[in-house]
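In structure tokens:
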């Protein structure tokens with residue numbers, strides 16, 4: 005199992021879509037789910053002695069979170085901001101650098117650019133720049 009790669013992006017996207025489709029607080033709840041998934045996912049891969057690195061796991065979870073929000077047509081800028089604001093707690097639980105965690109999350113959010121409309125990515129960027 006040490007060589008197994010985990011697909012946290014798909015898992016997180018499916019969780020967001022299944023649980024938050026009708027939730028008016030979906031962006032905030034998605035951020036909570038993402039942070040819980042980051043903690044559980046990283047602890048799980050470490051316990052399994054997986055070769056999947058922490059950076060890739062965090063980026064995948066954040067990409068999946070944002071993709072899920074996009075699929076259920078929720079506010080992507082609000083989701084990105086909530087996600088970034090909740091990362092410090094996950095970083096603390098995992099004894100990781102909050103700044104590294106933010107960088108990895110931003111990589112995951114940027115990964116949405118392949119599927120999201122340009123105006124959505126611009127809105128996310130504007131929201132992040134104003135915070």
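In this note's numbering, the protein residues as written are 5 to 135. We treat Cβ as the ideally placed atom computed from N, Cα and C, and that holds for glycine.
Judged by their CB atoms, residue 16 and residue 49 are not nearer to each other than the 8 Å cut-off.
Residue 81 sits buried, since 16 or more C-beta atoms from the chains shown fall within 10 Å of its C-beta. The C-beta distance from residue 91 to residue 105 rounds to 5 Å, short enough to meet the 8 Å contact threshold. The alpha-carbon of residue 56 is positioned some 13 Å away from that of residue 65. Across the set 130, 60, 123, 23, the C-alpha of 60 shows the shortest separation from the C-alpha of residue 9. Ranking 84, 62, 52, 44 by CA distance to the CA of residue 34 puts 84 first.
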